[in-house]
Amino acid sequence: MTLTLTDVTLTYPDGGTRLTALDRVSLHVAAGTLTAVVGPSGSGKSSLLAVAATLVTPDRGRVVVAGTETTGLGGAEKAALRRERVGIVFQQPNLLPSLTAVEQVLVMAHLSAGPARAARARARELLDAVGLADKADRRPHELSGGQRQRVNIARALMNEPAVLLVDEPTSALDHERGAAVLDLLAALTRERSTATVLVTHDRAHLDRVDGTVTMRDGRLTAHAPA
Amino acid sequence: MFVAWRDLRFAKGRFALMGTVVVLITLLVGLLSGLTAGLARENTSAVTGLEADRLAFAAPPDGRPVSFTDSAVGERAWRTWAGRPGVTAAEPVGIRTLDAATGDGRRTAAVSAFGVRPDGGLAPGTVATGRVVLSRPAADGLGAAPGDTVRLGGSEMTVGAVAGDASYSHTPVVWTSLDDWQHLGGSERDRPDGGRATVIALSTHGADLAAGDEAAGTRTLTLDESLTAIGSYQAENGSLQLMRGFLFAISALVVGAFFTVWTIQRGADVAVLKALGASTPYLLRDALGQAVVMLAAGTGVGTALAAGIGALLGGGEGAVPFVLDASTVLVPAAVMIVLGVLGAALSIRRITAVDPLVALGSAR
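Chains as they are written, first to last, in our numbering: chain A, 5 to 230; chain B, 474 to 837.
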C-alpha cells in the first residue's frame, strides 16, 4: 500500500486573490519507505501533509491513499479512511489531557469500535515498542516532551495504518531526543511496512530516511534518494 | 463515551460545580411541583373527585367566563339534563363557603358546604336532612366525630360520618343534603328559577352537549376545564406554574451556557479527534452522553432530596400541602433532563464546526 499524489494543486483565498500552496505536486511513497519532505517555512510542506491526510481537498489533481482514490469522498468517508488507513503524528503531541498514555493509544481502537480486550493488549504492546511500557498510566502532564511525542507515535500506529504522516516530530525536542524519535520512526516504517512521509525543516537526521524531496514555493524542486 | 467519561473524571471539579447547580434547581423544581400539586388538591379535590365527567354551570351573560361563585342553576335545568339522551346522571350540587362550629361553639373552621341529593351517590357517605358527612380535614379542624353536633350557617346538624379528604378553595368540605344546603344563608331560594344549586354534575355517554346547554340554559365543561371557574385556583396555579416554567428555562439556559464554554475549551481536543478520524456523529454522541450523565446524576440527587424534604413537609398534623407522586417527582425530573439535554445539544452542535486542520497547526 502506498501514498500517491499526482499533479496536486491547492490554493487558499488571500484577500481578493488566491495563494497557491501546492503547485502541481506529484509524489509517490512506497510501503516500507520513509520519505522526508524538507523546505523552508511557508514552502507548502504542511499543506502537502494536510492534503495527504484528506483534511484538505485540493483544487486539482489526484490523491490515492492506500489504494483509495480520495477525490469525491465525503467527510464521513474521509474520516473513516483516516481512522482505518492513515496514522498522523502531529508536530505538537496533541494528547488529550484527560487520558492516560495507554488510553491515548486506545482511543484509536475505540474510534474504530474494535474489540476492547485485544485493543488494550495492542496499545500496551505499542507503548512498549516506543519505550513507554512503564509510563502507560501517566497523563500527558506527567510525561516529558519526548515521552509525549512517543505516545503520539504509538497512537498513530494503533490501527495499523498503511500510510503514516509525520509533521515536524522533532521540533520541540533536543538533538538527542530528536534522533531517537527519527530512529524509532525509521524502524517502525520498515517493521510495519508503512508508507511514511516525514515533514521537517530540520536536515540533521536525514541519514535515516529512504528519500528526500525538497519543497519551495509550493513546488517539489528536488528528489534525492538516500 | 470513551473520552467523555474520562473528561468527567478528569475535570470533576467543573462537573461537580455544574452538577450541584442542577441538583439545586431540581430540588427547587421538585419542591415547587409538590407544593403546586398540593395547593391544587386543596383547591379542587372536591370537584375533581365528583362521580361525574362534566359540570353544567348557569350560562353567564355576554359570553363571560363561568364561575362557581356566580353560577346558580334551578330545578328545571337539572331535570332537563336528566331527560337528555346520553345523560346517565344529572345531579345538582350546591357549593358555598361558610363558617362551621362545634355544637358548644368552642371550635370554628371555614368549610365549604357541598349540598347533594341523599340518593345521588356524590357524597362519600350517607347524607340526610339534618345529617352531614365531614371530610377528615373538616373533622380534624372542628374536632368532631360521628354523633357530634355541628353548627353550619346557623343550623345545627348531626355528624353522620367522617369520610374522604375533599377540599374546595382551600377549605375542607362538609357534605349536606341539598335541602339543608338550600337553607344555609337562605339567599339561593330568592333567585329566579329557584337558584337551588350551583352546578349540575353530569355523567354522559355520547350526549349532545351543545343541545343540552341550549335547552337547559347552561354551559357545560369537563371537570378539568371547570377548575378554571374556581377563581383562586386559576390565579394561584398560574403563578406557581409560571415559576416552574421559569425554573425549567433557567435550567436549560444554565446547562447550555456551561456546555457552550466547555465545548469551546475542548475545541482543540475535538480537532485532534476529528483529524484522527472521529466522525461527527461519534463526537456528538460522546458529548451528549456526557451531558446526559451529568444531568441524570444531578437530577437524580435533586429529586431524591426533593422527595425526602417533601415527605417531611407533607407528613403529620398541620402539614404543608404537598403531593408526592410520579407527577410531582418523576415528571419534573424527566423534564429537567430533556430540557437540559436540549440546552446542551444546542451548545454541543458547534462541534460540527470545528476544523480538524487546527490539529496540524495547533500550538499546545
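The beta-carbon is built from N, C-alpha and C at its ideal position, and this holds for glycine as well.
Computed from a predicted structure; not experimentally measured.
I think residue i touches residue j, with their Cβ atoms under 8 Å apart; what is that distance to the nearest whole Å?
i, j, result
"G576/B", "V606/B", "At roughly 17 Å, the Cβ-Cβ gap does not stay under 8 Å, so G576/B and V606/B are not in contact."
"A780/B", "L797/B", "6 Å"
"A741/B", "V814/B", "That pair is no contact at about 25 Å."
"D543/B", "P558/B", "Not quite, the Cβ-Cβ distance comes to about 29 Å (not below 8 Å), so this is no contact."
"P97/A", "V155/A", "6 Å"
"G43/A", "M219/A", "4 Å"
"V743/B", "V827/B", "5 Å"
"T174/A", "G182/A", "3 Å"
"L168/A", "A160/A", "6 Å"
"A582/B", "L615/B", "5 Å"
"Q714/B", "L481/B", "That pair is no contact at about 34 Å."
Comparing alpha-carbon positions, which option in the options lies nearest residue i?
i, options, result
"Q856/B", "E698/B, G559/B, I821/B", "Any answer about residue 856/B is impossible in this case: the structure gives chain B only from 474 up to 837."
"Q707/B", "G750/B, V635/B, T509/B, T553/B", "T509/B"
"G685/B", "D759/B, L785/B, A550/B", "A550/B"
"A529/B", "D681/B, A573/B, I498/B, N516/B", "D681/B"
"V476/B", "S47/A, L99/A, T15/A", "L99/A"
"A562/B", "D535/B, L523/B, V502/B", "L523/B"
"A184/A", "P165/A, D18/A, G149/A, T216/A", "G149/A"
"A611/B", "S585/B, T691/B, V502/B", "S585/B"
"P165/A", "E195/A, E172/A, Q153/A", "E195/A"
"S197/A", "G36/A, V203/A, A70/A, L103/A", "G36/A"
"D638/B", "E515/B, T691/B, A601/B, V727/B", "E515/B"
"A34/A", "V69/A, A25/A, G48/A, D27/A", "V69/A"
"S752/B", "T644/B, S800/B, T825/B, M630/B", "T825/B"
"G48/A", "A191/A, R64/A, V29/A, V90/A", "V29/A"
"T200/A", "A117/A, A208/A, A190/A", "A190/A"
Let me check one thing: in DSSP terms, what residues is residue i bridge-paired to?
i, result
"T644/B", "Y641/B"
"L38/A", "T200/A"
"G567/B", "G588/B"
"S676/B", "A562/B"
"F530/B", "V672/B, R692/B"
"L224/A", "M219/A"
"Y16/A", "L23/A"
"D171/A", "V203/A"
"T772/B", "None; T772/B has no bridge partner."
"H233/A", "Residue 233/A lies beyond the range of chain A shown here (5 to 230); nothing can be said about it."
"L607/B", "V635/B, V647/B"
"A601/B", "R604/B"
Helix, strand or coil for residue i? Go by DSSP, reduced to three states.
i, result
"T553/B", "helix"
"G576/B", "coil"
"G633/B", "strand"
"A737/B", "Sequence check: residue 737/B is Ile here, not Ala. Of the three classes helix, strand and coil, the one that applies to I737/B here is helix, per DSSP."
"K25/A", "Note that residue 25/A is Ala in the sequence shown, not Lys. If DSSP states are grouped into helix, strand and coil, A25/A belongs with the strands."
"I92/A", "strand"
"E195/A", "helix"
"V213/A", "coil"
"S628/B", "strand"
"S506/B", "helix"
"L77/A", "coil"
"G135/A", "coil"
"T649/B", "strand"
"V831/B", "helix"
"G65/A", "strand"
"A582/B", "strand"
"T801/B", "helix"
"D663/B", "Caution applies to D663/B, whose pLDDT of 49 falls short of 50 and renders its modelled position unreliable; the value that the coordinates give is listed next. It is helical."
"T72/A", "strand"
"T104/A", "coil"
"V796/B", "coil"
"T701/B", "helix"
"T622/B", "strand"
"V539/B", "coil"
"R482/B", "helix"
"V546/B", "strand"
"L523/B", "coil"
"S148/A", "coil"
"T517/B", "helix"
Where the stretch 175-192 of chain A meets chain B: residues whose CB sits under 8 Å from a CB there: From the stretch 175-192 of chain A, no residue has a Cβ closer than 8 Å to chain B.
Chain B contacts from the stretch 31-51 of chain A (Cβ-Cβ distance under 8 Å): S50
Selection of the stretch 819-832 of chain B by Cβ proximity to chain A, strictly under 7 Å: The residues in question are P829, L830, A832.
Residues of the stretch 52-67 of chain A with Cβ closer than 8 Å to any Cβ of chain B, in chain order: L53, A54, A57, L59, V60
Contact residues within the stretch 96-108 of chain A, judged by C-beta distance below 9 Å to chain B: The residues in question are Q96, P97, N98, L99, L100, P101, S102, L103, T104, E107.
Residues of the stretch 155-171 of chain A whose Cβ lies closer than 7 Å to any Cβ of chain B, in chain order: D171
Contact residues within the stretch 110-136 of chain A, judged by C-beta distance below 7 Å to chain B: V111, M112, H114, L115
Residues of the stretch 79-91 of chain A whose Cβ lies closer than 8 Å to any Cβ of chain B, in chain order: G79, A80, A83, A84, L85, R86, R87, E88, V90
Near-chain A residues of the stretch 745-762 of chain B (beta-carbon distance less than 9 Å), N- to C-terminal order: Cβ contacts with chain A come from V745, L746, K747, A748, L749, G750, A751, S752, T753, P754, Y755.
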